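Scroll down for the structure; my scribbles are underneath it.
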Amino acid sequence: MKRQQAGVALALVVWFLAGMSLLVAGIVSIARVDAGMTQLHLARAKAVAVGDGAISLAMVELTQNRTGSAMQPVVTQSSHSLGDVQVQVQLIPSNGLVNLNNAPDKILAGLFAIGGAIDPSDAQILADNVVKWRQPKVTGRNLRVASAKRFYAPEDLLRVDGVTRGLLDSIRDYVVVGPWASGGIDWNSSPEAIMGFLDDVNPGRAKMLRDRRENLARTDGANAGLGRGGRADSYRADALVEYGGRTWLRRRWISMTPGNKSALPWRVVRTEPPRVVEAGIRDRE
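Numbering (this note's numbering), first residue to last: 17 to 301.
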């Protein structure tokens, strides 16, 4: 009888120890997750603060260097040290990007085929879907024509048939949306990566623009990559923040029209949340 009781007691002790071990393991796991989330939130907050500060410094430099010359660097790059954090900033004229609200189907097809790396025939189908989605719809018994649909954020492209999240992520660096980006593409303000789309639509014009830039580069090596970048009405500002072993991208869209209650000669019209990207600045020229 005593042996049976001892066996039962031993089993209870073993079960108790096993339960305590699982409890401790769970607590340790939760603590690790909480610590990881804390570090992630800290890095994200750091990317926001430092990235926004570096973008402001880059905009100050840009406004100081704006001159009456029509030819300025297409992509303006600068490096900044804020405390112990290194930040690289790119300023790209938004009118040199593909405007999803008014780009023709051929440009959209080139965007999907080259930027999205999909089959040209599939790219053309997607381009047609985008154009169809933008067109005004006839509704009601009186056949009233509604206003044309517009994209207000890159993510709105997911509402078009056939567009996936992966495709959107692969082309988001080439596109622009929003009321501050009106009109068609100004190819004189386009980075080299965008010029590839023009090759498919109008190779003659693409060659002419490249020849012009090469002539400027031969005249003065410092003029390589010139266009109308310094005189744009709005910019996409990309701040790449090196922090915590990762490279964070903080992206803001900036209009050169000052705000009503601001002394700055520009205003931020759209801000995207920071995200982790591949290390180093990606060459978009």
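Glycine residues also receive a C-beta, built at the ideal position from the N, C-alpha and C atoms. Bear in mind the structure is a predicted one, so any value in this text is a computation, not a measurement.
For residue i, report the span of its beta strand (DSSP E) as first-last.
| i | result |
| --- | --- |
| Q151 | Per DSSP, Q151 belongs to no beta strand (DSSP E) and is neither H nor E. |
| V105 | V101 to P109 |
| D307 | Outside the displayed range of the chain (17 to 301) lies residue 307, so it cannot be described from this structure. |
| I270 | R262 to S271 |
| L98 | T92 to L98 |
| E294 | Neither: E294 is in no beta strand (DSSP E) and is coded neither H nor E. |
Can you give me the Cβ contacts of residue i inside the same chain, cut-off strictly under 7 Å, excluding the 5 residues immediately before and after it?
| i | result |
| --- | --- |
| R166 | N117 |
| L173 | L116, F167, V179 and L184 |
| S94 | A74, E77 and V105 |
| P219 | none |
| A143 | D121, L124, A125 and F128 |
Quick one: residues in its chain with C-beta nearer than 6 Å to the C-beta of residue i, no 5 flanking neighbours on either side, listed in chain order?
| i | result |
| --- | --- |
| I130 | G212 |
| V192 | S110, L113 and N115 |
| N145 | V176, D177 and G178 |
| A253 | I71, L107, R268 and I270 |
| D216 | G126 |
| T79 | P281 |
Using the Cβ count rule (16 or more neighbours within 10 Å means buried), how would you classify residue i?
| i | result |
| --- | --- |
| Y168 | exposed |
| N204 | buried |
| W282 | buried |
| P8 | Lying before the first or after the last residue shown, residue 8 is absent from the chain, which here runs from 17 to 301. |
| A164 | exposed |
| T61 | Before going further, note that residue 61 is Ala rather than Thr in the sequence given. That one is exposed. |
| H57 | exposed |
| R221 | exposed |
| P4 | A query on residue 4 cannot be resolved here, the shown segment of the chain reaching from 17 to 301 and no further. |
| L280 | exposed |
| G132 | buried |
| S137 | exposed |
| P152 | exposed |
| P289 | exposed |
If contacts are defined as beta-carbon pairs under 8 Å, then residue i and residue j qualify, I think. What distance do you get, rounded to the angstrom?
| i | j | result |
| --- | --- | --- |
| N104 | L256 | The sequence shown places Gln at residue 104, not Asn. Yes, they are in contact, since the Cβ atoms of Q104 and L256 sit about 5 Å apart, within 8 Å. |
| V292 | R262 | 5 Å |
| A59 | Y251 | Rounded, the Cβ-Cβ distance is 26 Å, inconsistent with contact. |
| G194 | V91 | Wrong, their Cβ atoms sit about 20 Å apart, outside the cutoff. |
| V101 | V66 | 5 Å |
| D249 | M224 | Not confirmed; about 24 Å, so no contact. |
Over the uninterrupted alpha helix (DSSP H) stretch that includes residue i, give me the two end residues.
| i | result |
| --- | --- |
| A125 | D121 to G126 |
In its own chain, which residues sit with a C-beta less than 8 Å from the C-beta of residue i, not counting the 5 before and 5 after it?
| i | result |
| --- | --- |
| G200 | N115, N118 and A119 |
| P170 | L116, L184, R188, V191 and V193 |
Would the beta-carbon of residue i be found less than 7 Å away from any heavy atom of the ligand SAH?
| i | result |
| --- | --- |
| P136 | Of the ligands one can find in the structure shown there are none, so the ligand SAH has no counterpart to examine. |
Starting from the N-terminal side, write out each stretch of the alpha helix (DSSP H) that is 4 residues or longer and does not extend beyond the region 156-238. Counting only unbroken stretches of 4 or more residues, the alpha helix (DSSP H) elements lying wholly within the region 156-238 are 181-187, 208-217 and 219-235, in sequence order.
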